[in-house]
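Contents: one structure, followed by commentary.
Residue numbers (my numbering): 8 to 264.
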C-alpha cells in the first residue's frame with residue numbers, strides 16, 4: 008500500500024519550480040520524452056525526466072501547479088536517523104513522524120511542502136461475522152448504510168446529488184452561450200467538490216464499520232451502465248456516478264485503521 012505524507016521543507020525552490028513549469032509546457036507543446044531537449048532550461052535531468060514523462064501525453068494546453076518530482080531511486084534514506092536525502096536538490100527531510108515503511112517510492116516538491124509517497128506493508132484485514140451493507144443511489148442520498156444486526160440506517164452524501172443537478176444546469180447554460188473554456192473549468196470544479204464529498208462519505212462508512220465491529224459489503228453494480236432500458240434522465244444520473252471512487256476511498260481508509 009502506498010501512502011503520501013506532507014512535510015514542510017523550509018526551502019525556496021521558486022527558481023527550480025519556474026524551470027519545471029517551462030519544461031512541462033515544452034513537453035505539452037512538443038511531446039518530447041528526452042531530457043536532452045530540455046537541458047537548456049537548467050533543471051537536473053532526474054527531475055526533468057519525471058516532468059516529461061508526466062506531461063508529454065497530456066491534452067491540456069498549459070501546465071499548472073507543476074512540482075519537482077524525484078523518483079525513489081533518487082532519494083537516500085537512513086533508517087537509523089530517519090532522514091531522507093535528495094542529492095540533486097541538496098535537500099534533507101526529517102521523516103521521523105512518518106510511520107514505519109518499506110521504501111520511498113517518490114517525492115514531489117512544491118512551494119511549501121514535500122509530498123513523500125512511501126510503500127507500507129499491507130495490514131492484515133480483521134475478519135468479522137457481522138457486516139454493514141452499502142447501497143448506492145442516484146436520487147436523494149448518494150449512499151445508504153444499513154446495519155442488519157441493529158436495524159439502524161445512515162443516509163450519507165445528500166449534497167452529491169444536489170451538486171450534480173446544480174452543475175448540470177450550469178453546463179447547459181454555458182453550452183448554449185458557447186462558453187466552452189468556462190465549461191471545462193466548471194467540470195473540474197464539480198469533480199473537486201464531489202471528490203471532497205466522497206472523502207467524507209468513505210470516512211463515515213469506515214467509522215460506522217469500526218464502531219459496529221463489522222465488515223463492509225458494497226452493493227454489486229457490475230454491468231449496470233450497460234442496461235439501455237433506463238430513461239434518459241436516469242441514465243444521466245447513472246453515468247454521473249462516482250461510486251467506484253467511494254469504494255476505492257473506503258477500502259483505502261479501512262486499510263489504514
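Quick reminder that beta carbons are idealized off the backbone N, C-alpha and C, glycines included.
- The DSSP assignment places 110-116, 120-126, 138-143, 150-154 as complete runs of the beta strand (DSSP E) inside the stretch 101-158, in order along the chain (cut-off: 3 residues).
- Fully contained in the stretch 51-93 are the following alpha helix (DSSP H) runs of length 4 or more, in chain order: 52-62.
- In the structure shown, the three-state DSSP call for residue 41 is coil.
- Only residues of its own chain outside the window of five on either side were considered, and among them 149, 201, 204 have a CB closer than 7 Å to the CB of residue 167, listed in chain order.
- Boundaries of the alpha helix (DSSP H) harbouring residue 187: 187-218, taken from the DSSP string.
- When only Cα atoms are considered, residue 153 and residue 60 end up about 44 Å apart.
- The bridge partners DSSP lists for residue 161 are 152.
- The C-alpha of residue 182 lies about 15 Å from the C-alpha of residue 173.
- Straight-line measurement puts the Cα of residue 114 at about 17 Å from the Cα of residue 28.
- Taking the CA atoms as reference points, residue 255 sits about 20 Å from residue 165.
- Within the same chain, Cβ atoms closer than 7 Å to the Cβ of residue 162 are found at 148, 151, the five residues on either side in sequence being excluded.
- Rounded to whole angstroms, the gap between the alpha carbons of residue 73 and residue 156 is 49 Å.
- In the three-state reduction of the DSSP assignment, residue 175 falls in the helix class.
- Measuring C-alpha to C-alpha distances from residue 83 to each of 92, 70, 77, 192 identifies 92 as the nearest.
- The three-state secondary structure of residue 224, taken from DSSP, is strand.
- Apart from the 5 residues on each side of it in sequence, residue 13 sits with its Cβ closer than 7 Å to the Cβ of 120, 122 in its chain, given in chain order.
- Its Cα nearest to that of residue 65, the residue 36 stands out among 95, 36, 141.
- Straight-line spacing of the CA atoms in residue 134 and residue 41 works out to 49 Å.
- The three-state secondary structure of residue 180, taken from DSSP, is helix.
- Taking the Cα positions, residue 15 is about 20 Å away from residue 9.
- In the DSSP assignment, residue 15 falls within the beta strand (DSSP E) that extends over 9-15.
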